[in-house]
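**Student:** Below you will find the structure I want to go over with you.
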Amino acid sequence: MGPGDRVLDLGCGGGRHAFEVYRRGAGIVAFDRNENDLAEVADMFAAMRTAGEAPADGGTTAETVTGDALDMPFDDGSFDRVIASEIFEHIPHDTAAMAELYRVLRPGGIAAVTVPSWLPERLCWALSEEYHTNEGGHVRIYTRAELEAKLKATGFVIGPHHHAHALHAPYWWIKCAVGTSDDAHPLASAYHRMLVWDMMNAPRTTRTTERVLNPLIGKSVAVYLRKPCSGSAESTG
1 MGPGDRVLDL
11 GCGGGRHAFE
21 VYRRGAGIVA
31 FDRNENDLAE
41 VADMFAAMRT
51 AGEAPADGGT
61 TAETVTGDAL
71 DMPFDDGSFD
81 RVIASEIFEH
91 IPHDTAAMAE
101 LYRVLRPGGI
111 AAVTVPSWLP
121 ERLCWALSEE
131 YHTNEGGHVR
141 IYTRAELEAK
151 LKATGFVIGP
161 HHHAHALHAP
171 YWWIKCAVGT
181 SDDAHPLASA
191 YHRMLVWDMM
201 NAPRTTRTTE
211 RVLNPLIGKS
221 VAVYLRKPCS
231 GSAESTG
């Protein structure tokens, strides 16, 4: 994605993906129902413009929109790309949200959907009831086959997939074991410091370790999709 693309970050949360899209010069809409999160995202967009981290030609836009994933305030085919990162596991009517994603994506457009991987998530549920019963928490555990089947039934052409963030899975297992709200626990705190260090430095050793472990315990699975052009039988592969 890049200049000329209009991108929706559906359920943007803190805006990590939206900021990267903005840096790449695409027009970005950060969409979420949490107004407090969106206010912080808007502040960061402004800071990026001031710091010169966004394209300076004035043609790239970044905006925040509040709303419901089941009834988005956008016209059909409004976006060239859609990112839906770790949201469908929170939505009871996930197929309705998938249908909305399909609606707002233009024919031929590409979407990236991620959800927690089955095994790491199953262990989190087994270790902590609080993890999946708190307000706004996860309401289901997907297998990749279930996720792809629901997306295919919506109309998407299913493309490649991969697993990611294997080093994050043990952190969440620790959190579930010691208490999901206990950020100060020595083991959880130490592991979190390691993750921050790893993200800031990206040393070859941990990057290689994570690539090896991703297919086994990657915390997330990402699936790439295409909305077919009318009357075509295309593939994302």
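Numbering (the UniProt record's numbering), first residue to last: 1 to 237. Using N, Cα and C, we set each Cβ at its ideal position, and we do this for glycine too. Note that this is a predicted model, so its numbers are computed, not measured.
Can you name, in chain order, every residue of its own chain whose Cβ lies under 8 angstroms from the Cβ of Ala-188, other than the five neighbours on each side?
**Tutor:** The residue labelled residue 188 in the question sits at position 188 within the sequence shown. Closer than 8 angstroms at the Cβ level, and outside the excluded window around Ala-188, lie Tyr-171, Ile-174, Lys-175, Val-178 and Asp-182.
**Student:** Below 8 angstroms on the Cβ atoms is my contact criterion, and I expect Ile-110 with Arg-226 to pass it. Report the Cβ-Cβ distance as a whole number of Å.
**Tutor:** Position 110 of the sequence shown holds residue 110. Position 226 of the sequence shown holds residue 226. Contact between Ile-110 and Arg-226 holds: CB atoms are separated by about 5 angstroms, below the 8 angstroms threshold.
**Student:** Taking all protein chains shown into account, do 16 or more other C-beta atoms lie within 10 angstroms of the C-beta of Glu-130, making it buried, or fewer, making it exposed?
**Tutor:** Within the sequence shown, numbered from 1, the residue matching residue 130 stands at position 130. With a threshold of 16 other beta carbon atoms within 10 Å, Glu-130 falls short and is exposed.
**Student:** Under the three-state reduction of DSSP, which class applies to Asp-9: helix, strand or coil?
**Tutor:** The residue given as residue 9 occupies position 9 in the sequence shown. Strand at Asp-9.
**Student:** Round the Cβ separation of Ala-30 and Thr-64 to the nearest angstrom and send it over; I've been treating them as touching at under 8 angstroms.
**Tutor:** Here residue 30 refers to the residue found at position 30 of the sequence shown. Here residue 64 refers to the residue found at position 64 of the sequence shown. With a contact defined as Cβ atoms closer than 8 angstroms, Ala-30 and Thr-64 qualify at about 5 angstroms.
**Student:** Using three-state DSSP, classify Glu-146 as helix, strand or coil.
**Tutor:** Numbered from its first residue, the sequence shown carries residue 146 at position 146. If DSSP states are grouped into helix, strand and coil, Glu-146 belongs with the helices.
**Student:** Measuring only the C-alpha atoms, how far is Gly-14 from Met-44?
**Tutor:** For the purposes of this step, residue 14 is taken as residue 14 along the sequence shown, with counting starting at 1. For the purposes of this step, residue 44 is taken as residue 44 along the sequence shown, with counting starting at 1. Rounded to whole angstroms, the gap between the alpha carbons of Gly-14 and Met-44 is 10 angstroms.
**Student:** Spatial neighbours of Asp-94 within its chain, please: C-beta separation below 6 angstroms, excluding the five flanking residues on both sides.
**Tutor:** Within the sequence shown, numbered from 1, the residue matching residue 94 stands at position 94. Closer than 6 angstroms at Cβ, skipping near neighbours: Phe-88.
**Student:** Are Gly-136 and His-90 closer than 8 angstroms when you measure CB to CB?
**Tutor:** Position 136 of the sequence shown, counting from 1, holds the residue named residue 136. Position 90 of the sequence shown, counting from 1, holds the residue named residue 90. Result yes, Cβ atoms of Gly-136 and His-90 sit closer than 8 angstroms.
**Student:** Go through its chain and collect everything with a Cβ distance to Val-221's Cβ below 7 angstroms, but skip five positions before and after it.
**Tutor:** Within the sequence shown, residue 221 is the residue found at index 221, counting from 1. Excluding residues within five positions, the ones whose Cβ falls inside 7 angstroms are Thr-114, Val-115, Ser-117, Arg-144, His-161 and His-163.
**Student:** If you measure between the beta carbons of Gly-2 and Ala-26, is that distance less than 8 angstroms?
**Tutor:** As a first step, residue 2 is located in the sequence shown; it is residue number 2 there, counting from the start. As a first step, residue 26 is located in the sequence shown; it is residue number 26 there, counting from the start. Yes; because the gap between Cβ atoms is below 8 angstroms, this pair is in contact.
**Student:** Quick one: is Asp-9 buried, meaning 16 or more other Cβ sit within 10 Å of its Cβ, or exposed?
**Tutor:** Translated into the one-based positions of the sequence shown, residue 9 becomes position 9. Asp-9 comes out buried.
**Student:** Rounded to whole angstroms, what is the Cα-Cα separation between Ile-5 and Ala-18?
**Tutor:** Numbered from 1 along the sequence shown, position 5 holds the residue referred to as residue 5. Numbered from 1 along the sequence shown, position 18 holds the residue referred to as residue 18. Looking at the sequence itself, residue 5 is Asp, so the reference to Ile does not match. Cα to Cα, the separation comes out at about 13 angstroms.
**Student:** Taking Val-104 as the reference, which of Thr-133, Pro-73 and Pro-120 has the closest Cα?
**Tutor:** Numbered from 1 along the sequence shown, position 104 holds the residue referred to as residue 104. Closest option to Val-104, judged by alpha-carbon separation, among Thr-133, Pro-73 and Pro-120: Pro-73.
**Student:** Out of His-165, Trp-125, Cys-124 and Glu-148, point me to the one whose CA is closest to Pro-215's CA.
**Tutor:** For the purposes of this step, residue 215 is taken as the residue at position 215 of the sequence shown. Comparing Cα positions, the closest option is His-165.
**Student:** Secondary structure at Ser-85, three-state DSSP: helix, strand or coil?
**Tutor:** Translated into positions along the sequence shown, residue 85 becomes position 85. Residue state, collapsed to three classes: strand.
**Student:** Please report how far the alpha carbon of Trp-197 lies from the alpha carbon of Ala-84, in whole angstroms.
**Tutor:** Start at 1 with the first residue of the sequence shown, and residue 197 comes out as number 197. Start at 1 with the first residue of the sequence shown, and residue 84 comes out as number 84. Their Cα atoms are separated by approximately 27 angstroms.
**Student:** What is the DSSP secondary structure of Val-139, reduced to helix, strand or coil?
**Tutor:** Locating residue 139 in the sequence shown gives position 139, counting from the first residue. Residue state, collapsed to three classes: coil.
**Student:** Contact check, Ala-169 vs Ile-217 under 8 angstroms by CB: the rounded distance?
**Tutor:** Reading the sequence shown from its first residue, position 169 is the one you call residue 169. Reading the sequence shown from its first residue, position 217 is the one you call residue 217. Right, the Cβ-Cβ distance comes to about 5 angstroms (below 8 angstroms), so this counts as a contact.
**Student:** Who are Phe-79's beta bridge partners in DSSP?
**Tutor:** Stepping through the sequence shown from its first residue, residue 79 is reached at position 79. Leu-105.
**Student:** Below 8 angstroms on the Cβ atoms is my guess for Val-157 versus Asp-80; work out the distance and round it to an integer in Å.
**Tutor:** Position 157 of the sequence shown, counted from the first residue, corresponds to residue 157. Position 80 of the sequence shown, counted from the first residue, corresponds to residue 80. Not confirmed; about 16 angstroms, so no contact.
**Student:** Using the DSSP secondary-structure output, state which residues sit across from Ser-220 in a beta bridge.
**Tutor:** Taking the sequence shown and counting its residues from 1, one reaches residue 220 at position 220. Ser-220 pairs with Pro-116 and Ala-164.
**Student:** Of the residues Asn-34, Met-48, Leu-195 and Ala-54, which one's Cα is nearest the Cα of Ala-69?
**Tutor:** Residue 69 sits at position 69 when you count from the first residue of the sequence shown. When each option's Cα is compared against that of Ala-69, the closest is Asn-34.
**Student:** Going by beta carbon distance, what residues of the same chain come within less than 8 angstroms of Pro-76, once the five residues before and after it are set aside?
**Tutor:** Numbered from 1 along the sequence shown, position 76 holds the residue referred to as residue 76. The sequence as given places Asp at residue 76; Pro does not occur at that position. So the list reads Arg-103 and Val-104, once near-sequence residues are dropped.
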